[in-house]
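50 is the number that the UniProt record's numbering gives to position 50 of the sequence shown; each next residue is one higher, with no gaps.
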Amino acid sequence: MSTESDITPSAADRHHPLLKLALELGPLMIFFFANLRGQWLVETFPALSELGGPLFVATGLFMAATIISLIVSKIVLGHLPIMPFVSGIVVVIFGSLSIWLQNETFIKMKPTIVNALFGVALLGGLAFGKSLLGYVFNAAFQLDAEGWRKLTIRWGIFFLFLAVLNEVVWRNFSDGTWVAFKVWGTMPITIIFTLAQMPLVLKHSINLETEGEK
């Protein structure tokens, strides 16, 4: 399976924006509600008790939903978006370790690992004169070189911030609080940050059709 390697948005990306959003948020929502209703799920589907407590049941369903999401992305969009693809790999590895060893630490550290990985990759790429952010936002917008550089720095720092924030929350609060924050805290923070970047995006946006006619 290949991942998207061209920063130019594909037709499928442009035609299925809501599907892409659902595929990325769907597994997280399943994780949240499975943890919230873990006991009910075990009583309704006794086989799930083999996974362990509510958080382990939620982790197992999260892994399954993530894999299904990636399969649908490949079939419908024709490629695997980089961020969900990398995140999915970490979910499967750390989720499996959590269930196998019955140790919640692995799945709790997954957001830390993923965000730190993206932050280091983005900032490290700039050190070699390469903005990798275009591969992440390939279907959203196109910027000039300076725009990608500035946006990459901001997102790199933001990812590192999310990594630290996840460590603070899971190490100092209950499982339920961590799961809730993962869905209802991290997402709003990310949305607010994304919207805050719009002035920069608008300032450095380019029109691909216009560029192609020059």
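Using N, Cα and C, we set each Cβ at its ideal position, and we do this for glycine too. Note that this is a predicted model, so its numbers are computed, not measured.
* Length-filtered (3 minimum) beta strand (DSSP E) runs lying within the segment 59-86 -> none
* **Residue from Ala47, Leu23 and Gly52 whose Cα sits closest to the Cα of Asn35** => Looking up residue 35 in the sequence shown gives position 35. Answer by Cα proximity: Gly52.
* To do: Using only alpha-carbon positions, find the residue among Ala65, Gly88 and Gly129 that is nearest to Ile113.
  => Locating residue 113 in the sequence shown gives position 113, where the first residue counts as 1. Among Ala65, Gly88 and Gly129, the Cα nearest to that of Ile113 belongs to Gly88.
* **Local conformation of Ser131 per DSSP, three classes** => What you label residue 131 is simply residue 131 of the sequence shown in a count that begins at 1. Coil.
* Asked: Do you know offhand how far Pro111's Cα is from Trp178's?
  -> Here residue 111 is taken as the residue at index 111 of the sequence shown, counted from 1. Here residue 178 is taken as the residue at index 178 of the sequence shown, counted from 1. Pro111 and Trp178: Cα-Cα distance of roughly 11 Å.
* Take Leu48 and list the residues in its own chain whose beta-carbon comes closer than 6 Å to its own, dropping the five residues that flank it on each side. => By one-based count along the sequence shown, residue 48 stands at place 48. For Leu48, where only same-chain residues beyond five positions count, the Cβ hits under 6 Å are Leu41, Val42 and Val57.
* To do: Within 10 angstroms of the Cβ of Leu25, are there 16 or more other Cβ atoms? Answer buried if so, exposed if not.
  => One-based indexing of the sequence shown puts residue 25 at position 25. Result: exposed.
* C-alpha distance - residue 219 paired with Gly60, whole-angstrom precision -> This structure cannot settle anything about residue 219, because the visible part of the chain is limited to 1 through 214.
* **Beta-bridge pairing of Leu143 - partner residues as DSSP gives them** => Looking up residue 143 in the sequence shown gives position 143. In the DSSP output, where bridge partners are listed per residue, Leu143 has Ser205.
* Asked: Between the beta-carbon of Phe159 and the beta-carbon of Leu122, is there less than 8 Å?
  -> What you label residue 159 is simply residue 159 of the sequence shown in a count that begins at 1. What you label residue 122 is simply residue 122 of the sequence shown in a count that begins at 1. In this structure, Leu122 lies closer than 8 Å to Phe159 by Cβ.
* Asked: Can you tell me where the alpha helix (DSSP H) with Leu51 in it begins and where it stops?
  -> For the purposes of this step, residue 51 is taken as the residue at position 51 of the sequence shown. No alpha helix (DSSP H) holds Leu51; DSSP gives it neither H nor E.
* **Chain-order list of residues whose beta-carbon lies under 7 Å from that of Trp155 (same chain, five-residue window excluded)** => Taking the sequence shown and counting its residues from 1, the one referred to as residue 155 is at position 155. Hits under 7 Å: Leu122 and Leu133.
* Taking only the alpha-carbon atoms, compute the straight-line gap between Val201 and Ile189 and give it to the nearest angstrom. => Looking up residue 201 in the sequence shown gives position 201. Looking up residue 189 in the sequence shown gives position 189. Using only the alpha carbons, I get a separation of about 18 Å.
* Asked: What does a CB cutoff of less than 6 Å around Leu162 pick up in its chain, not counting 5 residues either side in sequence?
  -> Within the sequence shown, residue 162 is the residue found at index 162, counting from 1. Excluding positions up to five away in sequence, the list reads Asn115.
* To do: Starting from the C-beta of Glu146, find all residues in its chain whose C-beta is less than 8 Å away, skip the five residues before and the five after it, and write them out in chain order.
  => Locating residue 146 in the sequence shown gives position 146, counting from the first residue. Hits under 8 Å: His204.
* Buried versus exposed call for Asn103 [16 or more other C-beta atoms within 10 Å across all chains shown] -> In the sequence shown, the residue the question calls residue 103 occupies position 103. Per the 10 Å Cβ criterion, exposed.
* To do: Less than 8 Å between the CB atoms is what I'm expecting for Ser98 and Leu23, so what's the real figure, rounded?
  => Walking along the sequence shown from the start, residue 98 turns up at place 98. Walking along the sequence shown from the start, residue 23 turns up at place 23. About 23 Å separates the two Cβ atoms, so there is no contact after all.
* Asked: To the nearest angstrom, how far is it from the Cα of Val183 to the Cα of Ile67?
  -> Translated into positions along the sequence shown, residue 183 becomes position 183. Translated into positions along the sequence shown, residue 67 becomes position 67. Between Val183 and Ile67, the C-alpha separation is close to 19 Å.
* With a CB to CB cut of under 7 Å and the five nearest residues on each side skipped, what residues in its chain are close to Ile107? -> Here residue 107 refers to the residue found at position 107 when the sequence shown is read from its first residue. Cβ neighbours of Ile107 beyond the five flanking positions: Thr59, Phe94, Gly95 and Ser98.
* Please check the pair Val91 and Met63, which I expect to be a contact at CB under 8 Å, by giving their CB distance rounded to whole angstroms. => If you number the sequence shown from 1, residue 91 lands on position 91. If you number the sequence shown from 1, residue 63 lands on position 63. That belief holds up - the Cβ atoms of Val91 and Met63 are roughly 6 Å apart, short of 8 Å.
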